[in-house]
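Structure, as structure tokens:
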Amino acid sequence: MTMLTVDNVTKEYPTPAEPLSVLRGVSLSLDRGESLAIVGPSGSGKSTLLAILGALDRPTSGQVQLGTVDPFALNDMNLAEFRRDRVGFVFQDHHLLPQLSALENVLVPLLADGKPTSADIERAEMLLGRVGLAERLTHRPAELSGGERQRAAIARALVRSPVLLLADEPTGNLDSATADSIGRLLVELQVEHQSLLVVVTHSEALAETMQQQKRIEDGKLLEN
Ligand SMILES: Nc1ncnc2c1ncn2[C@@H]1O[C@H](COP(=O)(O)OP(=O)(O)O)[C@@H](O)[C@H]1O
Ligand SMILES: [Mg+2]
Numbered sequence: 658m659t660m661l662t663v664d665n666v667t668k669e670y671p672t673p674a675e676p677l678s679v680l681r682g683v684s685l686s687l688d689r690g691e692s693l694a695i696v697g698p699s700g701s702g703k704s705t706l707l708a709i710l711g712a713l714d715r716p717t718s719g720q721v722q723l724g725t726v727d728p729f730a731l732n733d734m735n736l737a738e739f740r741r742d743r744v745g746f747v748f749q750d751h752h753l754l755p756q757l758s759a760l761e762n763v764l765v766p767l768l769a770d771g772k773p774t775s776a777d778i779e780r781a782e783m784l785l786g787r788v789g790l791a792e793r794l795t796h797r798p799a800e801l802s803g804g805e806r807q808r809a810a811i812a813r814a815l816v817r818s819p820v821l822l823l824a825d826e827p828t829g830n831l832d833s834a835t836a837d838s839i840g841r842l843l844v845e846l847q848v849e850h851q852s853l854l855v856v857v858t859h860s861e862a863l864a865e866t867m868q869q870q871k872r873i874e875d876g877k878l879l880e881n
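Under our numbering, the residues of the sequence shown are numbered 658 to 881, in order.
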């Protein structure tokens, strides 16, 4: 069953002169449990594409479907729910809240449902254990290493069990040994959760661990 399909997506940004055409007809499909690496030069539209896949931004034209849902056909409330429940994002910068502990950061996405329950806290602790941070639950981001912060960010991205995990240069700020271990962890978790994983990366080693590898060039997605 194809879980994610992207059909002929374009994205233009308005400018005072002519519109800037960033994506010029991008298509892809991923089945359940599959992973895709996207590579391409800076400014080629990788983050733009990821934001559209995660329904954070609308395409200018074209279709995106996750499971049976076209997120851009949803009303604002359902679209917000879609983003919250179906998509997990990991960014190059961890985006953890500095005043919260690792555990509290992982609980943040669950606050939409009200005060965290003991089951929520158990789940967050379990995920932090899974990413190797069982001994770091009460540490704030400033009290974690760069790799540990990314591990916490991965646990946070998974806490609502998203079907689609998106990572935008998740190892871009890490030394190569740490980057390797974070890359392996992402793939392991994606396999365990049977989610879809799309990773934008400059690391060939990380890209090679994904089932599909594509390259953005001139606004098109090509086989790498
Ligand atoms: N909100 C925006 N408004 C106008 N131009 C944008 C916007 N976001 C990105 N761009 C432009 O689109 C191009 C692709 O950006 P981006 O997707 O961030 O590239 P990448 O992630 O591959 O480095 C860049 O030229 C960038 O300047
Ligand atoms: Mg980018």
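The C-beta atom is built at its ideal place from N, Cα and C for all residues, glycine as well. All figures in this text were calculated on a predicted structure; none of them were measured in a lab.
Worksheet item: So does the region 721 to 734 actually touch the region 797 to 806, counting three or more Cβ pairs closer than 8 angstroms?
Response: no
Worksheet item: Quick one: what's got a C-beta closer than 8 angstroms to residue 806's C-beta in the same chain, skipping five residues either side?
Response: Taking the first residue of the sequence shown as position 1, residue 806 is located at position 149. Here the set comprises 751, 753, 798.
Fill in: Residue closest to residue 661, alpha-carbon to alpha-carbon, out of 675, 667, 685, 672
Taking the sequence shown and counting its residues from 1, the one referred to as residue 661 is at position 4. For the residues 675, 667, 685, 672, the minimum Cα distance to residue 661 belongs to 685.
Worksheet item: Are residue 851 and residue 692 close, meaning C-beta to C-beta below 8 angstroms?
Response: Taking the first residue of the sequence shown as position 1, residue 851 is located at position 194. Taking the first residue of the sequence shown as position 1, residue 692 is located at position 35. Not closer than 8 angstroms, so no.
Worksheet item: Sorted by chain position, which residues of the same chain lie with C-beta nearer than 7 angstroms to residue 670's C-beta, five sequence neighbours on each side aside?
Response: As a working mapping, residue 670 is identified with position 13 in the sequence shown. Excluding positions up to five away in sequence, the list reads 676, 677, 679.
Item to complete: Output yes or no for whether 8 angstroms exceeds the beta carbon distance between residue 768 and residue 782.
Response: Numbered from its first residue, the sequence shown carries residue 768 at position 111. Numbered from its first residue, the sequence shown carries residue 782 at position 125. Not a contact, by the Cβ cut-off of 8 angstroms.
Discussion item. Mapping the DSSP letters down to three states, classify residue 734 as helix, strand or coil.
Written reply: Translated into the one-based positions of the sequence shown, residue 734 becomes position 77. The answer is helix: DSSP assigns residue 734 an H, G or I state.
Practice prompt. Could I get the ranges of all uninterrupted beta strand (DSSP E) runs contained in the region 664 to 714, with 3 residues as the minimum, in chain order?
Written response: 677 to 688, 692 to 696
Fill in: residue 873 - partner residues in DSSP beta bridges
Translated into the one-based positions of the sequence shown, residue 873 becomes position 216. According to DSSP, which records beta bridges pairwise, residue 873 is partnered with 878.
Worksheet item: If you draw a straight line from the alpha carbon of residue 873 to that of residue 774, how long is it in whole angstroms?
Response: Numbered from 1 along the sequence shown, position 216 holds the residue referred to as residue 873. Numbered from 1 along the sequence shown, position 117 holds the residue referred to as residue 774. Looking at the two C-alpha atoms, the distance is approximately 43 angstroms.
Fill in: Sequence-distant residues of its chain with Cβ nearer than 7 angstroms to residue 837 (five each side left out)
Taking the first residue of the sequence shown as position 1, residue 837 is located at position 180. The answer, listed in chain order, is 862.
Item to complete: Name, in chain order, the residues that DSSP records as bridge partners for residue 854.
Response: Looking up residue 854 in the sequence shown gives position 197. Under DSSP, the beta-bridge partners assigned to residue 854 are 692, 822.
Item to complete: Please confirm whether any heavy atom of ligand 2 lies closer than 7 angstroms to the CB of residue 877.
Response: Locating residue 877 in the sequence shown gives position 220, where the first residue counts as 1. No, since every heavy atom of ligand 2 falls outside the 7 angstroms radius drawn around the Cβ of residue 877.
Worksheet entry | Coarse secondary structure for residue 749, derived from DSSP in three states | Reading the sequence shown from its first residue, position 92 is the one you call residue 749. Reduced to three states, the DSSP call for residue 749 is coil.
Discussion item. Does residue 867 come out as helix, strand or coil in the three-state DSSP assignment?
Written reply: Taking the sequence shown and counting its residues from 1, one reaches residue 867 at position 210. Coil.
Worksheet entry | beta strand (DSSP E) segments (min. 3 residues) lying fully within the region 747 to 801 | none
Worksheet item: Would DSSP call residue 848 helix, strand or coil?
Response: Here residue 848 refers to the residue found at position 191 when the sequence shown is read from its first residue. Helix.
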